[in-house]
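From first to last, the protein sequence lines are chains A and B. Residues in the first sequence are numbered from 0 upward in steps of one, following numbering that gives the first Met the number 0. Residues in the second sequence are numbered from 0 upward in steps of one, following numbering that gives the first Met the number 0.
Number of protein chains: 2
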Amino acid sequence: MANIKLPEGYKTTKQRQAILQLLEENVVPMHAEDIYLKLKEKGIELSLSTVYRNLDMLQRKGLVVKAYMLNEDKARFGLASKKNYLVCQECRKIVIIDNCPFEKFKEELIEVHGFDILGHSIEVYGVCPECKSKVSQNFESSQNK
Amino acid sequence: MANIKLPEGYKTTKQRQAILQLLEENVVPMHAEDIYLKLKEKGIELSLSTVYRNLDMLQRKGLVVKAYMLNEDKARFGLASKKNYLVCQECRKIVIIDNCPFEKFKEELIEVHGFDILGHSIEVYGVCPECKSKVSQNFESSQNK
DNA sequence: AAATTTTTGCAAATGATTTGCATTTGAAGG
DNA sequence: CCTTCAAATGCAAATCATTTGCAAAAATTT
């Protein structure tokens, strides 16, 4: 299943593997507590602090991206390799964005400002077609490497 | 200083005005506490909770944007009208991005996915030319917690 | 300036995330 | 397998940003 290789010096534990596998299965980045509860549900024994400790380590090692969605105050964690997506502010529907237009922009930034670009994050706030016809208001976003 | 008009029903207080003015003066979104300390320094009497309460109200009214920068766990607040910019991960230098390339992308999203795009936010992580030459090999340390 | 409504300050409460520490577990070697 | 030791875990307590209740103070309105 999960075949993400851990950095040198880190051991493979059932909790760690379970966390990575769960992240792999989810398109949308999850809250630490969601991860904890989902895994508990699946019968995996772990504690919330183990979840936090692992996510923190994975994030520092670049395998996981930690981010806050608009109007949320709990961090979300997702695999760094995941794709960009849109989230409808109304119904939370997810739409994967296939071609991130950032690459072209990146060239421009490098050229004009001389910056080395290490990564980016684009958040787009919108309402999907279905909800558009009803009422509307909230948002959301993406990650990339 | 050009003043921002408050939404209907909200009173003009010296604390509120000071907060807005400070946000207006800063290109980079600030932490609630920074705002509190800077204003205290300027001799304005206010409390941290007043700062939070105002930022929250302004954010709900759409005048202020609340966001978390990469590797930070305190929210930052900035005027909704501010421009996009680059931040060097080494020296924190700010470079304003003049032509946001998002407009073209926006058309595409609307066309392909049918989403109504309400707004967006782009964060780019990079290293400026000056820092690139000095510390590029030490970059990892700055990314770790 | 009295009446009414909003704001503020303070302190206490919250809630997410972190940490100290004793115990358990994984990987490596014998 | 069995031992060893660093790495990982669970639990509880600690942190730290942010929120909230309430009485007093400041803005508008009358």
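Using N, Cα and C, we set each Cβ at its ideal position, and we do this for glycine too. As the structure is a computational prediction, the values presented were derived from the model and not from experiment.
| field | Neighbour flag for Gly61 (chain B) against chain A, beta carbons, 8 Å | value | no
| What's the C-alpha gap between Lys4 (chain A) and Lys81 (chain A)? | 16 Å
| task | Consider the Cβ of Tyr9 (chain B): report whether some Cβ of chain A lies at a distance smaller than 8 Å. | result | no
| message | If you follow the beta strand (DSSP E) that Lys65 (chain A) is in, where does it begin and where does it stop? | response | 63-66
| What first and last residue would you give for the beta strand (DSSP E) that runs through Leu21 (chain B)? | Careful: Leu21 (chain B) lies outside any beta strand (DSSP E), inside the alpha helix (DSSP H) at 13-24.
| query | Is there contact between the segment 10-28 of chain B and the segment 51-71 of chain B, where contact requires at least three CB pairs shorter than 8 Å? | reply | yes
| query | If we count the other Cβ atoms within 10 Å of its Cβ and call it buried at 16 or more, is Val27 (chain B) buried or exposed? | reply | exposed
| Going by beta carbon distance, what residues of the same chain come within less than 7 Å of Ile116 (chain A), once the five residues before and after it are set aside? | Lys105, Leu108, Ile109
| task | Run the CB neighbour count on Val134 (chain A), radius 10 Å, all protein chains shown included, and call it buried at 16 or more, exposed below. | result | Below a pLDDT of 50, predicted positions are generally treated as unreliable, and Val134 (chain A), at 42, falls in that range; the measurement from the model is reported next regardless. Classification for Val134 (chain A): exposed.
| task | Please compile the residues from chain B whose C-beta is within a distance smaller than 8 Å of the C-beta of Asn108 (chain A). | result | The question names Asn, but residue 108 (chain A) is Leu in the sequence shown. The contacting residues are Leu85, Ile96, Val123, Gly125.
| said: Measuring only the C-alpha atoms, how far is Asp72 (chain A) from Pro128 (chain A)? | reply: 27 Å
| query | Where Lys41 (chain A) and His30 (chain B) are concerned, what is the direct C-alpha to C-alpha distance, given to the nearest angstrom? | reply | 39 Å
| said: Does the CB of Tyr67 (chain B) have a neighbour CB from chain A at under 8 Å? | reply: yes
| said: Looking at Ala79 (chain B): is its Cβ nearer than 8 Å to the Cβ of Val63 (chain B)? | reply: yes
| said: Please state the DSSP three-state secondary structure of Tyr35 (chain B). | reply: helix
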